[in-house]
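Participant: Residue numbers (this note's numbering), protein chains in the order written: chain A, 813 to 1281; chain B, -13 to 443.
All C-beta atoms, glycine included, are put in the ideal place defined by N, C-alpha and C.
Note that this is a predicted model, so its numbers are computed, not measured.
The structure under discussion is supplied below as structure tokens; questions concerning it will follow.
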Amino acid sequence: MSAELISELVALLGPARVLTKKEDLIPYGFDGTAALNQLPRAVVFPDNAAEVSALVKIARARRMPVVTRGSGTGLSGGSVPVENALVACLTGMNRIRELDTRNLTLRADAGVITQKIFETADAAGLFYPPDPGSMKISTIGGNVAENSGGLRGLKYGVTRDYVMGMEVVLADGSICWLGNKCVKDVAGYNLRDLFIGSEGTLGIVTQVLLKLLPKPAARQTLLATYASMDAAAETVSAIIAAKIIPCTLEFLDRKTVQCVEDYARVNLPLDSEAVLLIETDGHPSAVADEAQQIEQIARANGALTVRKARDAAEAAQLATARRSAFSALARRRPTTILEDVTVPRSELAKMIRAVQAIALKHSLDIAVFGHFGDGNLHPTILTDERNAAEMHRVELALKDIVDAALGLGGTITGEHGVGVAKKPFLKQQLGENSHALLKMIKQSLDPLGLLNPGKIFDFPVQENHTPKT
Amino acid sequence: MTPRLTPDDPGAESSAHPHSGKTSLASLDYSVLQQCMHCGMCLPTCPTYAETGRERNSPRGRIALMRAVADRELNVTTSFAEEMSYCLGCLACTTACPAGVDYTTLLETARAHVESSGITATPKRTFVRWFTMGWLFKKPRLLRLAGRLLWLYQVTGFQRAFRKLRLTSLLPKRIRELEPSTPKIQRHFSDTLIPEITLARGEKRYRVALLTGCVQDLVFSDVNHATAQVLAENGCEVVTPRTQFCCGSLHAHNGDQENAHILARRQIDTIDPERFDAIISNAAGCGSHLKHYDRLLAEDPRYAARAKAWSLKVRDVSEWLIEIGFRKPHAGTGATAPHIVTYHEACHLCHGQKISKQPREILRAISNVELRECAESTWCCGSAGIYNITQPSTSAWLQMRKLGHLKATGATLVTTANPGCHLQIENGLRATGDTQIEVVHPVVLLAKAYRTEIARR
């Protein structure tokens, strides 16, 4: 049966766009998430929605699960294959279809790299704000599927806030357009939002219509260092209390700073307990004024040093250095397990202290960095997947971190998605009824359970269900 | 979903030193493989991934295959061997990698593993490997003799006649395709141009050894000559041993660890690091490998200590000049018009040795040089050691991509610090009928500027 399916796929896409050899498949067995690996049955590279639709129908006829993938940079296992899966890799769908400067929108294929979206808008004097850490590699389709955040979340929000419409292929192979260029639109349910962050479990996003903003005329980046995490946290609270919303308000702890500096060599201070990376953008005079206020607030709250980026190049260097934090931490130990808990901003200092206590309790090496401004933390456990005893303590620590975050009114994931990594904790956050509601939606859109099964929650593939078509 | 399978006992496969020249992936320290956390930061910098868009052709994909071999989940197949050969070894991924993955060791070990498995062996391939790596590039006098014969063939008009009579059409297809890019051998090799000891001009501040290389010696001996002059001009007494062995980079990069070891030991025997302040290389590919002797010979009880000392002393010429605060020449190159210059970064200089600023500083120090940056200056030109022979189509694609970026700057001089890149770009220019643009090593321009200055005194 499987061989027939492969020949149907080859007939549809040609042999070069259907991978089945073990050497070709092994590199598609994982994404950016640690310690997850599963060989797919095949990997295919469709070029457009019609081909996606056709391959979904082929897979559906044979009850083969379909896992959609972009560049495979996800951090919750969302695009890690399941057994016998057909991986639909959309990186070949990489055209920017339209830049509409009159409506400030950009329409692109799902496989376009996020950085290219940013650059295309930038070249036209426009601005696409969401900037996930992996933006140089990640695809926009993946960003939409995971509702990715980034460094500018505090002021500009996340991917969801910039999706005006999308083309999506449903589980039965039908192709839908959801949304349009209208700023106001209340025609029917807002189904577009349903697919944002659905992690490939409800449909396959093949094209997106994005909202753009005018490019801020000026930016200023500041770097402040502290002798204690509390002083850094106080600074953040004081900035917000002064009614300043910087574009970026990032922090890194000592361990993270050391690893990042080791890689990026941007003269980060190695002797401080916490570093804040702050960026303000907007009208030049407002930026200058805010930067000055931020500097004063930082100093008043115990900053050891405050450094202003000399120019755009230095600012970009610092932001790039911050974006490398997660990967740079891999320098310390063989396995890097990245957490993504988020708490209301007011609870951030408490959450960081909780993480530090949890590291002590389980004798683990945990570094912490994250988006101070929006409460999104990345406690990163540095461990070795081959050390069973330590991995057991990691599991206990992960549970403790989740408990602590939920105890503070937080969420188990701020921007990475549930995928496989957070699946065990979802019900604890949502409660029985809300959790059941997710499954009801899944049931109505993908009754056979073929789209990215086993992600977010368990929903068994329906072997004997008769498809409608 | 299953957790990644790993050997039960973490220590079972690990070696005493993680980076020494292993010939089996399974014998490599497992943590070198584990260092890759597959975040994908390498993808946009990898030329072969850019060409195909397939993960197996990316650094993290290749590492996944290597790990599968180490885990005994995958045998060393022809397909695996092809993949390791398809990698340029440009090391762009090592610059992009925040996690600090030692891709050099991984690739060299994987290639050695492929060779020791014998999967790619054919009588012809085995002969060619023996002839080049086991014989020609192991015997410096033989290599110079071969170079001399090729020079005679070129200067006596035989080459022209051979080409004119279209006798080239009798050659096998691959050789025929490569024939036009046969490098032009220099009349004088380095030992004729450079005395064994070049005295420092003015006060002697340092004593350095100059490595003249193999291709550099035969094809670009003028670069070696310029290097010696530039060093002497900056207070260095330059010792240039008459007979020098190949550094073994050719061997290490192509899975011949045994000969790489032998050649590294001979090199250290020839030049005792303790006797010099620095050991200077001007060929990026060699320099990158020379700096790794410490890990190559880490398990050799007789050489480990000296190899360590050796690695500490090796410098690329531009790196050394900046380190010692080279003197800015008081004159330009002597040309009447200013040179519009662009700089192509050899992979093994910018990625292999993380040297990017220094050659530019040297160029900017020359008064009649206007440096214009080209796009993708850190992208491989497709030369990549013997890659233009083993993977001609990808090599040609990269060559044309590179030429496009170089020409877009409007430069009339392309500077680069590696003989492979030099030839690849020059051949590309010649093949596309461009006669306006010249290729030159940065130190050659600096040497010219010093010479102009001296002539004016």
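According to the neighbour-count rule (16 or more other Cβ atoms, all chains shown, within 10 Å of its Cβ), is A/E931 buried or exposed?
Facilitator: The residue in question, A/E931, is exposed, as its Cβ has fewer than 16 Cβ neighbours within 10 Å.
Participant: Short check: CB of A/L966 to CB of A/T1060, under 8 Å?
Facilitator: Taking 8 Å as the Cβ cut-off, A/L966 and A/T1060 qualify as a contacting pair.
Participant: Could you tell me which chain B residues have their CB closer than 8 Å to the CB of A/E835, listed as they occur along the chain?
Facilitator: Result: R42, L51, L60, T63, S65, F66 and E69.
Participant: Please name the residues in the stretch 935 to 966 of chain A whose beta-carbon is closer than 7 Å to at least one beta-carbon of chain B, in chain order.
Facilitator: Correct list: S946, K948 and I949.
Participant: Any C-beta of chain A sitting closer than 8 Å to the C-beta of B/Q339?
Facilitator: B/Q339 does not count as touching chain A.
Participant: Which runs of the beta strand (DSSP E) fall wholly inside the stretch 331 to 418 of chain B and span at least 3 residues, in chain order?
Facilitator: Here the runs fully enclosed are 355 to 357 and 399 to 401.
Participant: By a C-beta neighbour count over all protein chains shown, 10 Å radius and 16 as the cutoff for buried, is A/C994 buried or exposed?
Facilitator: Per the 10 Å Cβ criterion, exposed.
Participant: According to DSSP, what are the bridge partners of A/F939?
Facilitator: According to DSSP, which records beta bridges pairwise, A/F939 is partnered with A/L1025.
Participant: Consult DSSP for A/P944 and reduce its assignment to one of helix, strand or coil.
Facilitator: In the structure shown, A/P944 sits in coil (DSSP, three-state: anything other than H, G, I, E or B).
Participant: With DSSP run on the structure shown, which of helix, strand or coil describes A/M976?
Facilitator: It is a strand residue.
Participant: For a contact meaning CB atoms closer than 7 Å, what does A/G826 contact in chain B?
Facilitator: Simply none; closest approach about 14 Å.
Participant: Based on Cα-Cα distance, which residue from B/E182, B/E359 and B/M119 lies nearest to B/G241?
Facilitator: Minimum Cα distance to B/G241 is reached at B/M119.
Participant: By DSSP's criteria, B/S267 is part of a beta bridge. Which residues make up the other side?
Facilitator: Answer is B/D302.
Participant: Taking A/F842 as the query, report the chain B residues whose CB atoms sit under 9 Å from its CB, ordered along the chain.
Facilitator: Chain B residues near A/F842: R(-10), H24, R46 and A50.
Participant: Report buried or exposed for B/M23, applying the criterion of at least 16 other Cβ atoms within 10 angstroms of its Cβ.
Facilitator: So B/M23 counts as buried.
Participant: A/G1063 by DSSP, collapsed to three states: which one?
Facilitator: The sequence as given places Phe at residue 1063 of chain A; Gly does not occur at that position. Note: A/F1063 maps to strand in three-state DSSP.
Participant: Let me check understanding here. Comparing Cα to Cα, which of A/A1039, A/H1174, A/L831 and A/A922 lies closest to A/M881?
Facilitator: Correcting the residue identity first, residue 881 of chain A is Arg in this sequence and not Met. Nearest option by C-alpha distance: A/A922.
Participant: If the criterion is Cβ atoms closer than 8 Å, does the pair B/F206 and B/P405 meet it?
Facilitator: Yes.
Participant: Can you tell which of B/G133, B/L135 and B/A218 has the C-alpha that lies nearest to the C-alpha of B/R313?
Facilitator: That would be B/A218, whose Cα lies nearest to the Cα of B/R313.
Participant: Give me the residue from B/T398, B/R442, B/A417 and B/C366 with the minimum Cα distance to B/E37.
Facilitator: Among B/T398, B/R442, B/A417 and B/C366, the Cα nearest to that of B/E37 is on B/C366.
Participant: Might you give, ordered along the chain, the residues of its own chain that have their beta carbon closer than 6 Å to the beta carbon of A/R1066, omitting 5 neighbours on each side?
Facilitator: Contacts found: E1085.
Participant: Helix, strand or coil, according to DSSP, for A/A1179 in the structure here?
Facilitator: A/A1179 falls in the strand class under three-state DSSP.
Participant: Please determine, among A/F1181, A/G937 and A/V894, the residue with the shortest C-alpha to C-alpha distance to A/Q1070.
Facilitator: It is A/F1181.
Participant: Just by C-beta distance, which residues in the stretch 268 to 282 of chain B are closer than 9 Å to chain A?
Facilitator: Answer set for the stretch 268 to 282 of chain B: empty.
Participant: What would DSSP say about A/E863, mapped onto helix, strand or coil?
Facilitator: A/E863 falls in the helix class under three-state DSSP.
Participant: Is there at least one Cβ from chain A nearer than 8 Å to B/L29's Cβ?
Facilitator: It does: the Cβ of B/L29 has a partner Cβ on chain A nearer than 8 Å.
Participant: Do the stretch 951 to 965 of chain A and the stretch 982 to 989 of chain A touch if we need at least three Cβ pairs shorter than 8 Å?
Facilitator: Judged by Cβ distances under 8 Å, the stretch 951 to 965 of chain A makes no contact with the stretch 982 to 989 of chain A, as fewer than three pairs qualify.
Participant: When you check each C-beta in the stretch 7 to 21 of chain B against every C-beta of chain A, which residues fall closer than 7 Å?
Facilitator: For the stretch 7 to 21 of chain B, which is checked against every Cβ of chain A, the residues closer than 7 Å are S17, Q20 and Q21.
Participant: Against chain A, with Cβ distances strictly below 8 Å, would B/P109 count as a contact?
Facilitator: By this cut-off, B/P109 is not an interface position.
Participant: Once the 5 residues before and after A/I949 are set aside, which same chain residues still bring their CB inside 6 Å of it?
Facilitator: Excluding sequence neighbours, A/I949 sits near S883 and T885.
Participant: Tell me, to the nearest whole angstrom, how far the beta carbon of A/L1150 is from that of A/L887; I am working on the premise that it is less than 8 Å.
Facilitator: Right, their Cβ atoms sit about 6 Å apart.
Participant: Going straight from the alpha carbon of A/P877 to that of B/S17, what length do you get?
Facilitator: Answer to the nearest angstrom: the Cα atoms are 34 Å apart.
Participant: Once DSSP output is grouped into helix, strand and coil, what is the label at A/Y1001?
Facilitator: The answer is coil: DSSP assigns A/Y1001 none of H, G, I, E or B.
Participant: Report buried or exposed for A/E1011, applying the criterion of at least 16 other Cβ atoms within 10 angstroms of its Cβ.
Facilitator: Buried, because 16 or more other Cβ atoms sit within 10 Å of the Cβ of A/E1011.
Participant: In whole angstroms, give me the CA-to-CA distance for B/T(-8) and A/M1203.
Facilitator: With a pLDDT of 38 at B/T(-8), under the threshold of 50, the modelled position of that residue is not reliable, and no figure is offered here.
Participant: Using a Cβ cut-off of 8 Å (strictly closer), state whether A/G1229 contacts chain B.
Facilitator: Answer no: the Cβ-Cβ gap between A/G1229 and chain B never drops below 8 Å.
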